[in-house]
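Colleague: A single structure is presented below for examination.
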Amino acid sequence: MEDSAIRDGFNHLKDGSYYVNLFESAKARAIADWLVGMNISRLYSCLYKQNYSVGRVQTPTLAMIVNRDEEISKFKKEKYYTVDVLLDGFTLSSNRIDDKYEAEKLLNEIGDTIEIKEVTQKEKKTSPELPFDLTTLQRECNKYFGYSAKQTLDYAQSLYEKKLITYPRTDSRNLTEDMIVNIVNNILGKNAFDEQRIKIVFNSKKVTDHHAIIPTVSSMSEDISTLPESELKIYRLISNKLHASMGYPLVESTIKVVADIQDYEFSSNFKTVINEGFSQYLKEYKVKKNEDVVITDIHEHDTLKVHGKEIKEKYTTPPKHFSEDTLLKAMEIAGSDALDKDTFVERKGLGTPATRAGIIENLIYKGFVERDKKNLIATHKGINLVTIVSDTFKSAKTTAEWEMKLSDIASGKASKDEFLKGIEKEIRDTIKQYSKAVKL
Numbered sequence: 028m029e030d031s032a033i034r035d036g037f038n039h040l041k042d043g044s045y046y047v048n049l050f051e052s053a054k055a056r057a058i059a060d061w062l063v064g065m066n067i068s069r070l071y072s073c074l075y076k077q078n079y080s081v082g083r084v085q086t087p088t089l090a091m092i093v094n095r096d097e098e099i100s101k102f103k104k105e106k107y108y109t110v111d112v113l114l115d116g117f118t119l120s121s122n123r124i125d126d127k128y129e130a131e132k133l134l135n136e137i138g139d140t141i142e143i144k145e146v147t148q149k150e151k152k153t154s155p156e157l158p159f160d161l162t163t164l165q166r167e168c169n170k171y172f173g174y175s176a177k178q179t180l181d182y183a184q185s186l187y188e189k190k191l192i193t194y195p196r197t198d199s200r201n202l203t204e205d206m207i208v209n210i211v212n213n214i215l216g217k218n219a220f221d222e223q224r225i226k227i228v229f230n231s232k233k234v235t236d237h238h239a240i241i242p243t244v245s246s247m248s249e250d251i252s253t254l255p256e257s258e259l260k261i262y263r264l265i266s267n268k269l270h271a272s273m274g275y276p277l278v279e280s281t282i283k284v285v286a287d288i289q290d291y292e293f294s295s296n297f298k299t300v301i302n303e304g305f306s307q308y309l310k311e312y313k314v315k316k317n318e319d320v321v322i323t324d325i326h327e328h329d330t331l332k333v334h335g336k337e338i339k340e341k342y343t344t345p346p347k348h349f350s351e352d353t354l355l356k357a358m359e360i361a362g363s364d365a366l367d368k369d370t371f372v373e374r375k376g377l378g379t380p381a382t383r384a385g386i387i388e389n390l391i392y393k394g395f396v397e398r399d400k401k402n403l404i405a406t407h408k409g410i411n412l413v414t415i416v417s418d419t420f421k422s423a424k425t426t427a428e429w430e431m432k433l434s435d436i437a438s439g440k441a442s443k444d445e446f447l448k449g450i451e452k453e454i455r456d457t458i459k460q461y462s463k464a465v466k467l
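Heads up, the sequence shown stops at 467 in the working numbering, and the numbers go up one at a time, no gaps.
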């Protein structure tokens, strides 16, 4: 990342024997992936006379998309109603009412004034997030700029090769403690930052292969205005995220106003910013909303004049199709519920930060998934594959169990050979299920 850091690394090299177990774990992963991909792909291609591709990570990812699409197609929207009451500059809304007759009856019960039952005011503090790992960077670039995961990785890789940002293929969102002085003095500079954040952001124990993505110190003296617009957007987002991660909390005042009419609760929530804190660095990326209504001088038992009232017809909404943003998040946490909470697993979820973009692009290239604007939709071919593949090879839980075993191999607690024997048995058992029906 920095010339000085590279020299320091060479001055503190570890003996190769230190990494034997890590090597065994990596080799086991590669062999297992090859065995599953080669054998199970051939199995279903021969059975169904079509070129099917099955992968330990690729197929569970496809299954998530197929399952989400199915949820949406089966969703039946339900109509419901709310009654809205316009008061002095703000509106109170009833909770959900399923019967229109009940809503009309309630509307007729509302007089010329309403008594406020409750006014609750709280101060809410929101702490900043940590700097970017690759997956979070890809998600936010998809949300803010519409970049695909692959585009973000390509742009970030180009910035890295220009020595403007640190290594992008990382799954850590922390920095190491030996970086504190360098970052504080040469990147954060004179910008105000919260010193209490130092212990949270700089935590060597939470850094695995590579630390979080940040601008390099050398980039501070470069003319970044000459960068292509796509790369410049990503560089500035990474820089702003670092500054935000060291910022003070966002402080907001939240007010809830409640009134009761005929046993129905009418309420409205209001939020005003007291102190921008870290959010000042991320303003340009937030979706602009209407100005917050500022509520002042309203108290419990106040009687307010009703300026208008109406029934609003609404519908329940289905789940949303996966976008790259939401799919990357789903891949990151997939199968986590199957992991032993007391076991540290370095690689969680489906794939790694460096491979998830490629997995999505591969699913599209092979015709299993297609893009519809920002949405990722399963094709007929993709749906067919998920339908026929056995649960073992399309379940995120399988991946989670594998990752626990691979983590044990890396720490010397388990054997690579025993792990691979288990994979081979799973493959043989799956093939045997079809051996009587078709001669393979």
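Glycine included, C-beta positions come from ideal geometry on N, C-alpha and C.
(1) Got a sec, what are the start and stop residues for the alpha helix (DSSP H) residue 184 sits in?
(2) With a CB to CB cut of under 7 Å and the five nearest residues on each side skipped, what residues in its chain are close to residue 75?
(3) Tell me whether residue 104 sits in a helix, a strand or coil according to DSSP, three-state version.
(4) Which value, in whole angstroms, describes the spacing of the CA atoms of residue 59 and residue 434?
(5) Which whole-angstrom value is the C-beta distance of residue 345 and residue 160, which I expect to be below 8 Å?
(6) Contact between the region 257-277 and the region 298-308 is defined here as three or more beta-carbon pairs at a separation below 8 Å; is this criterion met?
(7) What residues match up with residue 342 in a beta bridge as DSSP calls it?
(8) Can you tell me where the beta strand (DSSP E) with residue 287 in it begins and where it stops?
(9) Using only alpha-carbon positions, find the residue among 422, 383, 404 and 443 that is nearest to residue 181.
(10) For residue 458 and residue 70, what's the separation of their Cα atoms in angstroms?
(11) Among 231, 210 and 461, which residue has its Cα nearest to the Cα of residue 222?
(12) Which two residues bound the contiguous beta strand (DSSP E) that contains residue 405?
(13) Using beta-carbon positions only, say whether residue 281 and residue 238 come within less than 9 Å of one another.
(14) Within the same chain, show all residues whose beta-carbon is closer than 6 Å to that of residue 417, passing over the 5 residues directly before and after it, in chain order.
(15) Would you kindly check if the distance between the Cβ of residue 354 and the Cβ of residue 387 is under 9 Å?
(16) Rounded to whole angstroms, what's the CA-CA distance from residue 196 to residue 265? Just pull it up for me.
(17) Contact between the region 168-175 and the region 279-299: three or more CB pairs below 8 Å?
(18) Assuming residue 291 is part of the beta strand (DSSP E), what are its boundary residues?
Modeller: Looking at the coordinates:
(1) 176-188
(2) 415
(3) coil
(4) 14 Å
(5) Contact doesn't hold; Cβ gap of about 31 Å is too wide.
(6) yes
(7) 106
(8) 277-288
(9) 383
(10) 7 Å
(11) 210
(12) 402-405
(13) no
(14) 457
(15) yes
(16) 14 Å
(17) no
(18) 291-302
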